[in-house]
Amino acid sequence: MKKVFIAAILFLLVACSQRDCREVLPVISVNELLKSGETINLSKYASDIEYIPLETNAESVIMANSVKSDGLNFYVSAIGHSNDVARFSADGKYIGRIGKRGRGPGEYTFLEHYGIVRDVKGVGGRNRIFVAGHNKTVIYDGNGAVGEIISESRIDDLECLNDNRYAFLLGYIGENNEVLQKIVVTDSLGRELHEIEAGNTSVTSLDMGGRSIQTRQRNFIYSFGDSLRLVNAAVDTLFAVQENVKKPLLSLCWDNWKGNLPNGNFIFETERFIMIPVSFPTSLFADYFKNIVVPEKSSSAKIVFDKREKRATPLLHDSKYRLMYGFKNDIDDGAPFLPSYSDGKKMYQIVQAAHFKEVANLGNSPKMKTVAAQLTEESNPVLIVVTLK
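Under numbering that gives the first Met the number 0, the final residue of the sequence shown carries the number 388; numbering is consecutive throughout.
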């Protein structure tokens, strides 16, 4: 994951949102892809899988929808719900909490983002952790002690880059009252190094069970190896950002798309592939969603773009596992694997205990069944950790 795309294989494309896609050479034509799905074996990209139950005790119980790893520990939280970040060892033992909600020194009013400061100069040689709240962004050492405060203002997104640099996605109002965003890169002391326009935000309609809801679609950033990525608000172009230059890497063509635009914040990338979420009419997978409570006309899928093969494939839902889908687990014949985070060497998925028990019984993985037998419905989630090839 430390490698950067070679220029010779970059797709220098123009976004085709609201235009005739025949004007450009699209990498992904969504309407065409979602006419059918395909199975992709996990072993194509990975060599091993393990299941790590997070320790459950009176202090460690936590809601969780997000996980990060610094290679030594796991950092788990529930973005949008939790007040802090729980720290667990590599074998799932609870260590303690990082961050605290409040308005005092080293506190924040609401946890919006967190991540790893990729720097070996932290206390004890450990990587440090950043937590971004409504009112400030705080850096903690590996033991949870407060370090620097690098921002006193609210941000839309934040990524830590190498060399102690931070990329902030900030919103502002333009001359014509349009809502815009820009990327500002600073050093660890908050001194601005450079900035670049991210682009407009856009208002889009979401189909929520037959009801149309207006929402604002914004740009998103994420880090990949040594690079910063930008997904524009229309979710039709993926850019690599180098200082004050944006280079398009991938173009998505939505044609006369009838589903909802994906949340660019959930685009996931490894050295081999890019995973893109989409929402679509349930009728495309009618047999799989029969007798299951889902929004009346909407479901979801993941498109996998293989960067070597230059081929995009929608992951086929497996009716055996109901709403759980992802790469077919041909490594140990367990449930499908759907990653949400990678540290470059491994991919991670976090699964709630009750759901883990259910899908473990549907599969044939001895390791998965062994872990499931230890769980109750009150247990902390289980981390599924997959080693990349």
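All C-beta atoms in this analysis are idealised placements derived from N, C-alpha and C, irrespective of residue type, glycine included.
- Nearest to HIS347 (by Cα), restricted to the options SER201, GLU49, LEU32 and ASN30: Taking the sequence shown and counting its residues from 1, the one referred to as residue 347 is at position 348. According to the sequence provided, residue 347 is Tyr. The question's His does not apply to it. Minimum Cα distance to TYR347 is reached at GLU49.
- Element boundaries [alpha helix (DSSP H), containing LEU169]: Counting from one through the sequence shown, the residue named residue 169 turns up at place 170. Where LEU169 is concerned, there is no enclosing alpha helix (DSSP H), although the beta strand (DSSP E) it sits in stretches over 164 to 172.
- Message: Measuring only the C-alpha atoms, how far is LYS92 from VAL381?
- Response: Sequence index remark: in the sequence shown, residue 92 carries index 93 (1-based). Sequence index remark: in the sequence shown, residue 381 carries index 382 (1-based). Each residue's Cα considered, the two are about 12 Å apart.
- Query: Considering only C-alpha positions, which residue in the set VAL84, ALA166 and PHE326 is nearest to SER46?
  - Reply: Within the sequence shown, numbered from 1, the residue matching residue 46 stands at position 47. Nearest C-alpha to SER46: PHE326.
- Item | Where GLU106 sits in the DSSP three-state scheme | Taking the sequence shown and counting its residues from 1, the one referred to as residue 106 is at position 107. Of the three classes helix, strand and coil, the one that applies to GLU106 here is coil, per DSSP.
- What three-state label does DSSP hand MET367 in the structure shown? In the sequence shown, counting from the first residue as 1, residue 367 sits at position 368. Here MET367 sits in helix by DSSP.
- Query: Does the stretch 331 to 349 come within contact of the stretch 374 to 388, defined as at least 3 CB pairs closer than 8 Å?
  - Reply: yes
- Message: Here's the rule: buried if 16 or more other CB atoms are within 10 angstroms of the residue's CB, otherwise exposed. What is VAL350?
- Response: Working through the sequence shown from its first residue, we reach residue 350 at position 351. Label assigned to VAL350: buried.
- Stretch pair the stretch 360 to 370 + the stretch 84 to 102: three plus CB contacts closer than 8 Å: no
- Query: Rounded to the nearest angstrom, how far is the Cβ of ASP305 from that of PHE336, given a contact under 8 Å?
  - Reply: Position 306 of the sequence shown holds residue 305. Position 337 of the sequence shown holds residue 336. In fact, because the Cβ distance is near 16 Å, the residues do not count as touching under 8 Å.
- Alpha-carbon spacing of PHE73 relative to TYR113, whole angstroms: Reading the sequence shown from its first residue, position 74 is the one you call residue 73. Reading the sequence shown from its first residue, position 114 is the one you call residue 113. Approximately 12 Å, taken between the alpha carbons.
- Exposed or buried, which one is GLU37 when buried takes at least 16 other CB atoms within 10 Å? Within the sequence shown, numbered from 1, the residue matching residue 37 stands at position 38. When all chains shown are included, GLU37 counts as exposed.
- Message: Which residue wins for smallest C-alpha separation from ALA372, given the options PRO52, ASN264 and ILE149?
- Response: Reading the sequence shown from its first residue, position 373 is the one you call residue 372. The option with the nearest alpha carbon to ALA372 is PRO52.
- Taking the alpha helix (DSSP H) that ASN360 falls in, what are its first and last residues? For the purposes of this step, residue 360 is taken as residue 361 along the sequence shown, with counting starting at 1. Residues 352 to 361.
- Query: Helix, strand or coil: how does DSSP classify LYS246 here?
  - Reply: Position 247 of the sequence shown holds residue 246. If DSSP states are grouped into helix, strand and coil, LYS246 belongs with the strands.
- Query: With DSSP run on the structure shown, which of helix, strand or coil describes LEU41?
  - Reply: Start at 1 with the first residue of the sequence shown, and residue 41 comes out as number 42. Reduced to three states, the DSSP call for LEU41 is helix.
- Query: If you draw a straight line from the alpha carbon of PHE267 to that of ASP235, how long is it in whole angstroms?
  - Reply: Along the sequence shown, read from residue 1 onward, the residue named residue 267 stands at position 268. Along the sequence shown, read from residue 1 onward, the residue named residue 235 stands at position 236. PHE267 and ASP235: Cα-Cα distance of roughly 15 Å.
- What residues are listed by DSSP as bridge partners for SER339? Along the sequence shown, one-based indexing puts residue 339 at 340. Note: SER339 sits in no beta bridge, so no partner.
- State the start and end residues of the unbroken alpha helix (DSSP H) segment that holds GLU31. The residue you call residue 31 lines up with position 32 of the sequence shown. Run containing GLU31: 29 to 32, per the alpha helix (DSSP H) assignment.
- Message: In the DSSP output, which residue or residues are listed as bridge partners for ASN72?
- Response: Working through the sequence shown from its first residue, we reach residue 72 at position 73. Answer is SER88.
- Query: Mind checking whether ALA197 and ASN218 have CB atoms under 8 Å apart?
  - Reply: As a first step, residue 197 must be located in the sequence shown, where it is residue number 198. As a first step, residue 218 must be located in the sequence shown, where it is residue number 219. Result yes, Cβ atoms of ALA197 and ASN218 sit closer than 8 Å.
- Query: Between PRO276 and PRO261, is the Cβ-Cβ spacing less than 8 Å?
  - Reply: Locating residue 276 in the sequence shown gives position 277, counting from the first residue. Locating residue 261 in the sequence shown gives position 262, counting from the first residue. Yes, the Cβ-Cβ distance between PRO276 and PRO261 is below 8 Å.
- Within 10 angstroms of its Cβ, does ARG228 collect 16 or more other Cβ (buried), or is it exposed? Counting from one through the sequence shown, the residue named residue 228 turns up at place 229. Result: buried.
- Item | Three-state secondary structure assigned by DSSP to HIS65 | Within the sequence shown, the letter at position 66 stands for residue 65. Correcting the residue identity first, residue 65 is Ser in this sequence and not His. Note: SER65 maps to strand in three-state DSSP.
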